[in-house]
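Chains S and U, in that order, give the protein sequences.
Take any residue in the first sequence, count from 1 to its spot, add 129: that is its number in our numbering.
Take any residue in the second sequence, count from 1 to its spot, add 277: that is its number in our numbering.
I have placed the structure first, in the form of structure tokens, so that the comments after it can refer back to it.
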Amino acid sequence: MALRIGKSEWEQLRRHGEETYPHECCGVLLGQLGDDRVKQVQAIVRCQNQRSDSLHNRYRIDPRELVRIQREARERGQDIVGFYHSHPDHPARWSQTDLAEAHWTDCCYVITSVMNGAATETNSFNLGGEDDNKRFEDEEIRVD
Amino acid sequence: MKVLIPTPLRQYTGEQASLELAASTVGEMLSELTSQFPDLRKQLFTDDGKLRRFVNVYVNDEDIRYLEQESTPVKEHDTVSIVPSVAGGVNASVSRLVQTSKVAIKMPGRSYGRCP
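In structure tokens:
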């Protein structure tokens, strides 16, 4: 279980959190899911945070946007392998809200802490179990 | 019609990422889908048979909630997408559970530590 991501994509997702600070950013990771649960990221897609009522501490990706991203990815032979978002002025740890709202089992949820506008830690969590016993598991990130 | 299965549900469809099904409504399509793959039923529906709130079903680019729900008609060349919702945020208290392992992030020339 690991997340493999190119340096360019890694920097892009961290920069996204700095650009939207003090609001949360969000986006989709596209690539391939390996047999050993290694996610190889080949592209990232920035999304609009739909939670206009609470941009600083909540995020939501428009399902309509997800549908389009999933369809276009499939046409290129790619899958949705995970998502990313930022935690402005909070640690790069998952929150109870993150877990409650996570439904993409075996995909990763990458969180970047953005402190005073600068990206600090970035961590990845694999969503394991099923919906009634789901859990986030620490996941190694390999930046190539 | 073509039905696109999202990554987390593929384990219930024999790893098939898309399926061709024949049906005249979304409800018929979902019924056919869960009859072929019974383990999907629990993932898509509540015990009383309603689509789970976080399961979004789109016919082409339209959410069936704003069409005719499960009675929404579908045609042969339509694409039906199933996408679980994606949301979250720092809103509730961030987990401070002691993690079972600390994982180094490998990056040429740089390294990023984890939170204590």
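Every residue gets a Cβ at the ideal spot worked out from N, C-alpha and C, and that includes glycine.
All of these numbers come straight from a predicted model, not from anything done at the bench.
Item                                                                                                             : Value
Per-residue DSSP class, three states only, for Ala231 (chain S)                                                  : coil
Chain-ordered residues of the segment 199–221 of chain S with a beta carbon less than 8 Å from chain U           : Gln199, Arg200, Arg203, Asp208, Ile209, Val210, Phe212, His214, His216, Pro217, His219, Pro220, Ala221
Selected residue, minimal CA-CA separation from Glu73 (chain S), among S:His152, S:Val239, S:Pro220, S:Trp233    : In the structure as shown, chain S begins at 130 and stops at 273. Residue 73 (chain S) is therefore absent and cannot be evaluated.
Sequence-distant residues of its chain with Cβ nearer than 6 Å to Ile173 (chain S) (five each side left out)     : Glu138, Gln141, Leu142, Gly156, Leu158
Contacting residues, own chain, Cβ-Cβ under 6 Å from Gly146 (chain S) (five flanking each side not counted)      : Cys154, Ser215, Thr241, Val243, Ala248
Cβ contact (3+ pairs, closer than 8 Å) linking the segment 220–237 of chain S and the segment 351–368 of chain U : yes
Distance CB(Arg203 (chain S))-CB(Ser295 (chain U)) smaller than 8 Å                                              : yes
Neighbour flag for Pro285 (chain U) against chain S, beta carbons, 8 Å                                           : yes
Helix, strand or coil at Val196 (chain S) according to DSSP, with G and I counted as helix                       : helix
Cross-strand partners of Met244 (chain S) (DSSP beta bridge)                                                     : S:Ala247
Partner residues on chain S for Asp324 (chain U), Cβ-Cβ distance less than 9 Å                                   : Neighbours of Asp324 (chain U) on chain S: none; closest Cβ ~11 Å, over 9 Å.
Pair within 8 Å by beta-carbon distance, Val360 (chain U) and Ser301 (chain U)                                   : no
Close Cβ partners of Arg373 (chain U) (< 7 Å) along its chain, the five nearest in sequence each way excluded    : Residue placement at Arg373 (chain U) is poorly supported in this model, since its pLDDT is 44, which falls under 50; the coordinates still yield a value, given next. For Arg373 (chain U), where only same-chain residues beyond five positions count, there are no Cβ hits under 7 Å.
Contact check, Glu320 (chain S) vs Met130 (chain S), beta carbons under 8 Å                                      : Within the shown structure, residues of chain S are numbered from 130 to 273, placing residue 320 (chain S) beyond reach of any answer.
Length of the line joining the Cα atoms of Ile270 (chain S) and Pro285 (chain U)                                 : 20 Å
Three-way DSSP call (helix, strand, coil) for Glu297 (chain U) in this model                                     : strand
Chain U contacts made by the segment 235–262 of chain S, where a contact means CB separation under 7 Å           : Asp235, Cys236, Glu250, Thr251, Asn252
Chain S within 8 Å of Pro361 (chain U), Cβ atoms only                                                            : yes
Terminal residues of the beta strand (DSSP E) in which Asp316 (chain U) lies                                     : Per DSSP, Asp316 (chain U) belongs to no beta strand (DSSP E); it is in the alpha helix (DSSP H), 316–321.
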